[in-house]
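To convert, note that position 196 of the sequence shown is 262 in the working numbering; the numbers rise steadily by one, no gaps.
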Amino acid sequence: MNIANTSLNDNLVYSSPRIFERRRRILEEARKLIADHGVDGFGIRELCQRAHVAPQTVYKAFENKERLIALSIRHYFQSYVDQQHFHYPDNSLQGVVERLIAADLNMHEMREFVSAIVSIYFSQSADADVRVAASYNLMRTLQPWVLSLRELGHLRRGISPEVLIDSIAGLMFNVSLEWCRGNIDDNVYMFRKAEAVLVVAAGATRGAGHKEISSYLTDLLGRKTLYDEINAHVVLYTPTGEVRSAAV
67 MNIANTSLND NLVYSSPRIF ERRRRILEEA RKLIADHGVD GFGIRELCQR
117 AHVAPQTVYK AFENKERLIA LSIRHYFQSY VDQQHFHYPD NSLQGVVERL
167 IAADLNMHEM REFVSAIVSI YFSQSADADV RVAASYNLMR TLQPWVLSLR
217 ELGHLRRGIS PEVLIDSIAG LMFNVSLEWC RGNIDDNVYM FRKAEAVLVV
267 AAGATRGAGH KEISSYLTDL LGRKTLYDEI NAHVVLYTPT GEVRSAAV
């Protein structure tokens, strides 16, 4: 999936702070409703009751239910990303691991929402924009690094960035699915996701890129010294303050 090629990138301009705040409230209540009932149980009537708006207001602002759901997911992930300040560049392996750790801290408090996102990803009937939105945060995390691997000549011949990203994403979403089912403990959830990234990337790379990935995989499966070094820099910023990660 390409996060750039979607109608969700359209800018929505509002003429007043009041209208902007109403849109923000609708999107936030939509996210909560997704967490409570999933996409299949999402109803415009209940959303309007929660957000204190009329149905025509929702349809005027968002066109249809599918676009509203997609935008609410995208809005949440975008708001989360905009709040963060990362130590490592986004096109580095360290940057990917740092962003995975921060996302892990955030998602541990939102199991129901994660479950809804995972269900969307594996759905055969979900609207295309909704599936893109469900993958937005992960794609944004992986894309700069994978594109850098290609530019440096570290991808194996015949491996495209899109295929590599989709392969990693599929395995990571499967890890999240098992976590939501209770088959993966909280204290190893992050390591399983990082392992998914490193195992797939190790098989798709060569040269210095492969060597770096392999060293991180060896470390992750052993003493976790490199992981702890990155973890020491992670600070999760929230609207109410900062939550610093604890070394594992």
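Glycine included, each C-beta is placed from N, C-alpha and C at the ideal position.
If you're wondering where the values come from, they're calculated on a predicted model, not measured in any experiment.
For residue 259, count neighbouring C-beta atoms within 10 Å of its own C-beta (all shown protein chains included) and say buried if the count is 16 or more, exposed if not.
As a working note, residue 259 is residue 193 in the sequence shown. Residue 259 comes out buried.
First and last residue of the alpha helix (DSSP H) that includes residue 202?
On the sequence shown, residue 202 is found 136 positions in, with the first residue counted as 1. Taken as a continuous stretch (DSSP letters only), the alpha helix (DSSP H) holding residue 202 covers 202-217.
Any idea if residue 163 is buried or exposed, counting beta-carbon neighbours within 10 angstroms, 16 or more meaning buried?
Here residue 163 refers to the residue found at position 97 when the sequence shown is read from its first residue. Buried, since its Cβ has 16 or more Cβ neighbours within 10 Å.
Can you give me the C-alpha to C-alpha distance between residue 185 and residue 104, rounded to a whole angstrom?
Start at 1 with the first residue of the sequence shown, and residue 185 comes out as number 119. Start at 1 with the first residue of the sequence shown, and residue 104 comes out as number 38. Cα to Cα, the separation comes out at about 8 Å.
Is the beta carbon of residue 96 less than 8 Å from the beta carbon of residue 138?
In the sequence shown, residue 96 corresponds to position 30, counting from 1. In the sequence shown, residue 138 corresponds to position 72, counting from 1. Yes. Within cutoff.
Compute the distance between the beta-carbons of residue 231 and residue 256, then report whether it is under 8 Å.
Counting from one through the sequence shown, the residue named residue 231 turns up at place 165. Counting from one through the sequence shown, the residue named residue 256 turns up at place 190. For residue 231 and residue 256, no; Cβs fall outside 8 Å.
Quick one: residues in its chain with C-beta nearer than 6 Å to the C-beta of residue 157, no 5 flanking neighbours on either side, listed in chain order?
Taking the first residue of the sequence shown as position 1, residue 157 is located at position 91. Within the same chain, residue 157 has close Cβ partners 210, 211, 214.
Quick check on the DSSP output: the beta strand (DSSP E) that includes residue 154 runs from which residue to which?
Taking the sequence shown and counting its residues from 1, the one referred to as residue 154 is at position 88. From DSSP, residue 154 is part of no beta strand (DSSP E); its letter is neither H nor E.
By the three-class DSSP mapping on this structure, what secondary structure does residue 147 have?
Taking the first residue of the sequence shown as position 1, residue 147 is located at position 81. Helix.
Any idea what DSSP makes of residue 308, helix, strand or coil?
Translated into the one-based positions of the sequence shown, residue 308 becomes position 242. Strand at residue 308.
Is it the case that the Cβ atoms of residue 123 and residue 166 are separated by a distance below 8 Å?
As a first step, residue 123 is located in the sequence shown; it is residue number 57 there, counting from the start. As a first step, residue 166 is located in the sequence shown; it is residue number 100 there, counting from the start. Not closer than 8 Å, so no.
Around the Cβ of residue 174, are there at least 16 other Cβ atoms within 10 angstroms (buried) or fewer (exposed)?
Working through the sequence shown from its first residue, we reach residue 174 at position 108. Exposed, by the Cβ-count rule.
By a C-beta neighbour count over all protein chains shown, 10 Å radius and 16 as the cutoff for buried, is residue 274 buried or exposed?
Taking the first residue of the sequence shown as 1, we reach residue 274 at position 208. It is exposed - the Cβ of residue 274 has fewer than 16 other Cβ atoms within 10 Å.
Of all the options 264, 135, 172, which has the alpha carbon lying nearest to the alpha carbon of residue 198?
Walking along the sequence shown from the start, residue 198 turns up at place 132. Closest by alpha carbon: 135.
How big is the Cα-Cα spacing for residue 323 and residue 220?
What is shown of the chain runs 67 to 314, which leaves residue 323 out entirely.
Grab me the residues of residue 177's own chain with a C-beta within less than 7 Å of its C-beta, minus the 5 sequence neighbours each way, in chain order.
By 1-based counting over the sequence shown, the position of residue 177 is 111. Closer than 7 Å at Cβ, skipping near neighbours: 246.
Is DSSP giving residue 287 helix, strand or coil here?
What you label residue 287 is simply residue 221 of the sequence shown in a count that begins at 1. Looking at residue 287 - three-state DSSP - the assignment turns out to be coil, as it is neither helix nor strand.
Thinking C-alpha only, which one of 261, 112, 195 is nearest residue 290?
On the sequence shown, residue 290 is found 224 positions in, with the first residue counted as 1. Selected option, being the one with the closest Cα: 261.
In the structure shown, what three-state DSSP assignment does residue 254 receive?
Sequence index remark: in the sequence shown, residue 254 carries index 188 (1-based). Looking at residue 254 - three-state DSSP - the assignment turns out to be helix.
Relative to the C-alpha of residue 236, which candidate in 249, 201, 223, 216 has its C-alpha closest?
Within the sequence shown, the letter at position 170 stands for residue 236. With distances taken between Cα atoms, residue 236 lies closest to 201.
Is residue 162 helix, strand or coil by DSSP?
Numbered from its first residue, the sequence shown carries residue 162 at position 96. DSSP places residue 162 in helix when its eight states are reduced to three.
At the level of alpha carbons, what is the spacing between residue 225 and residue 115?
Mapped onto the sequence shown, residue 225 falls at position 159. Mapped onto the sequence shown, residue 115 falls at position 49. If you take the alpha carbons of residue 225 and residue 115, they lie about 49 Å apart.
Return helix, strand or coil for residue 301, following the three-state DSSP convention.
Residue 301 sits at position 235 when you count from the first residue of the sequence shown. Strand at residue 301.
Would you report the Cα separation of residue 308 and residue 301, rounded to the nearest angstrom?
As a working mapping, residue 308 is identified with position 242 in the sequence shown. As a working mapping, residue 301 is identified with position 235 in the sequence shown. Distance between the alpha carbons of residue 308 and residue 301: 7 Å.
Are there 16 or more other CB atoms within 10 angstroms of the CB of residue 92, so buried, or fewer, so exposed?
Start at 1 with the first residue of the sequence shown, and residue 92 comes out as number 26. That one is buried.
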